[in-house]
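Down below is the structure, laid out as structure tokens.
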Amino acid sequence: MFSRSKPSDDAVPTTGTQDAVAAAEAIERAGKGRPTPKRKVSQAANKRPLVPDDRRAAAKAARAKQRAARDVEYQAMKTGDEKNLPYRDRGPVKRYVRDMVDARRNVAEYFLFLALAFLVVTLFGNQIPELAVFAILAVYVVVIVAIADTFIMWRALKKRLVAKFGEGVELRGIGRYAAMRAFQIRRARLPKPMVKHGQYPTS
Numbered sequence: 001m002f003s004r005s006k007p008s009d010d011a012v013p014t015t016g017t018q019d020a021v022a023a024a025e026a027i028e029r030a031g032k033g034r035p036t037p038k039r040k041v042s043q044a045a046n047k048r049p050l051v052p053d054d055r056r057a058a059a060k061a062a063r064a065k066q067r068a069a070r071d072v073e074y075q076a077m078k079t080g081d082e083k084n085l086p087y088r089d090r091g092p093v094k095r096y097v098r099d100m101v102d103a104r105r106n107v108a109e110y111f112l113f114l115a116l117a118f119l120v121v122t123l124f125g126n127q128i129p130e131l132a133v134f135a136i137l138a139v140y141v142v143v144i145v146a147i148a149d150t151f152i153m154w155r156a157l158k159k160r161l162v163a164k165f166g167e168g169v170e171l172r173g174i175g176r177y178a179a180m181r182a183f184q185i186r187r188a189r190l191p192k193p194m195v196k197h198g199q200y201p202t203s
């Protein structure tokens, strides 16, 4: 009777991705002096498949992009480039806090050196018990003094922040940010210090 006509071998099924590609080509062909593509065609050109064809290549490209972003942030932390700093370090308030901490000689920044010396002393504790006891007491004293010194620093810093940026300045988390930087060795701080000791920022 009636036989269905078989599709030609040259015929290629149209998929969602092929429709988007064809729509994009239609937009590119629509140059100056030619009619603007219809809205339906433009929307089809913007469609992208949710799952990439090559997941391994897409993951590799994403990792490379993240690595490049981390490299840019690391360079910004070494040079002080405010625009490319990590989010936690951005803003004039954070910059002011860093400059205040870096300009000040904090007792806390010498704590790690004392802790290293304490570890060395404990190696000889069995031979010289008095020396080990003295080292333990010294560590406790430095810890107490460092905490008190950091508290004094924060009270003065808070007043200066309010004086410079107004009563509405956001201080939540700023105290912890300043204390953590104060307890770091100056040369190991990131972002790198941009001021010298005693070079306080203007109020």
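When we follow the UniProt record's numbering, the leftmost residue of the sequence shown carries the number 1, and every step to the right adds one.
Heads up, the beta-carbon is just placed ideally off N, CA and C, and yes, glycines get one too.
Does DSSP classify residue i as helix, strand or coil?
| i | result |
| --- | --- |
| residue 172 | coil |
| residue 122 | helix |
| residue 189 | coil |
| residue 32 | Its pLDDT being 49, under 50, residue 32 is placed unreliably in this model, and the value from its coordinates should be taken loosely. Correct three-state label for residue 32: coil. |
| residue 66 | helix |
| residue 158 | helix |
| residue 75 | helix |
| residue 139 | helix |
| residue 153 | helix |
| residue 82 | helix |
| residue 130 | helix |
| residue 208 | Nothing about residue 208 can be reported from this structure: the residues present for the chain run from 1 to 203 only. |
| residue 88 | helix |
| residue 54 | coil |
| residue 104 | coil |
| residue 167 | coil |
| residue 183 | coil |
| residue 1 | In this predicted model, residue 1 has a pLDDT of only 46, less than 50, meaning its place in the structure is not dependable; the value taken from the coordinates is given anyway. Reduced to three states, the DSSP call for residue 1 is coil. |
With a cut-off of 8 Å on the beta carbons, I'd call residue i and residue j a contact; round off their distance for me.
| i | j | result |
| --- | --- | --- |
| residue 77 | residue 191 | 4 Å |
| residue 184 | residue 109 | 7 Å |
| residue 146 | residue 120 | The Cβ separation is near 20 Å, so there is no contact. |
| residue 182 | residue 150 | 5 Å |
| residue 153 | residue 186 | About 14 Å; that fails the 8 Å criterion. |
Which word fits residue i, buried or exposed, when buried means at least 16 other C-beta atoms lie within 10 angstroms of its C-beta?
| i | result |
| --- | --- |
| residue 100 | buried |
| residue 102 | buried |
| residue 135 | buried |
| residue 178 | buried |
| residue 97 | buried |
| residue 180 | exposed |
| residue 159 | exposed |
| residue 113 | exposed |
| residue 124 | exposed |
| residue 94 | buried |
| residue 85 | buried |
| residue 161 | buried |
| residue 171 | exposed |
| residue 157 | buried |
Indicate whether the contact test is met: 3 or more Cβ pairs, each with one atom in the segment 140–159 and one in the segment 57–68, closer than 8 Å.
-> no
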